[in-house]
Amino acid sequence: PKLWGQPQRWPAQIQPQPQRCAGVDGHAMMMLRRGAALGAVVAGAWTVSIEAQRSVERPAVSVAFGVGSMDDQIMDTLRSGDLLLLAQHPPALHLPALAATVAWRSAAESAFDHAAVLLRDDLG
Numbered sequence: 001p002k003l004w005g006q007p008q009r010w011p012a013q014i015q016p017q018p019q020r021c022a023g024v025d026g027h028a029m030m031m032l033r034r035g036a037a038l039g040a041v042v043a044g045a046w047t048v049s050i051e052a053q054r055s056v057e058r059p060a061v062s063v064a065f066g067v068g069s070m071d072d073q074i075m076d077t078l079r080s081g082d083l084l085l086l087a088q089h090p091p092a093l094h095l096p097a098l099a100a101t102v103a104w105r106s107a108a109e110s111a112f113d114h115a116a117v118l119l120r121d122d123l124g
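Reminder that position 60 of the sequence shown reads as 60 in the numbering used here, one-by-one numbering, no gaps.
This is the structure we're talking about:
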């Protein structure tokens, strides 16, 4: 008779077997798991660090440049339709964006990872 609370026994022919990867021994599997766990911890710490940096309130940045400064001179030469090449600051990116930025810079052999077309309203 079957009583409640007693563990059920599997018949021998359908006894569950532990899963194994072909060609990977126990030590290698343990090292793989530790590496994955360490990678997850590093990714989590990086994300927390980036979010902490972004959550700090910073004063508003003025876009007005000093008269005669290099930025002011460049601003006067920009016209509608100009192409701007930009580079992100990699330590300020989340890991997926960092990986994409590094991959793009490596593939394109360029220091820039973003492009923009300038739209300027000369009337206001």
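Note that CB positions come from ideal geometry on N, CA and C, so glycine has one too.
From the DSSP output, in three-state form, read off residue i for me.
i           : result
residue 114 : strand
residue 93  : coil
residue 98  : helix
residue 107 : helix
residue 84  : strand
residue 35  : helix
Between residue i and residue j, how many whole angstroms is the CB-CB distance? I'm expecting something under 8 Å.
i           : j           : result
residue 83  : residue 115 : 6 Å
residue 101 : residue 91  : Contact flag wrong, Cβ pair sits at about 11 Å.
Report yes if the CB atom of residue i is closer than 9 Å to the CB atom of residue j, and no otherwise.
i           : j           : result
residue 50  : residue 93  : yes
residue 69  : residue 118 : no
residue 120 : residue 111 : no
Quick one: residues in its chain with C-beta nearer than 6 Å to the C-beta of residue i, no 5 flanking neighbours on either side, listed in chain order?
i           : result
residue 124 : Residue confidence for residue 124 is low, a pLDDT of 48 falling below 50, so the modelled location carries little weight; the figure read from the coordinates is stated next. Excluding sequence neighbours, residue 124 sits near nothing in its chain.
Leaving out five residues before and five after residue i in sequence, what residues of the same chain have Cβ atoms less than 7 Å from its Cβ?
i          : result
residue 74 : none
residue 88 : 101, 113, 114
CB-CB under 8 Å to residue i, same chain, minus the five flanking residues each way: which ones, in chain order?
i          : result
residue 46 : 94, 95
Let me know if residue i comes out buried or exposed under the rule of 16 or more other beta-carbons within 10 Å of its beta-carbon.
i          : result
residue 25 : exposed
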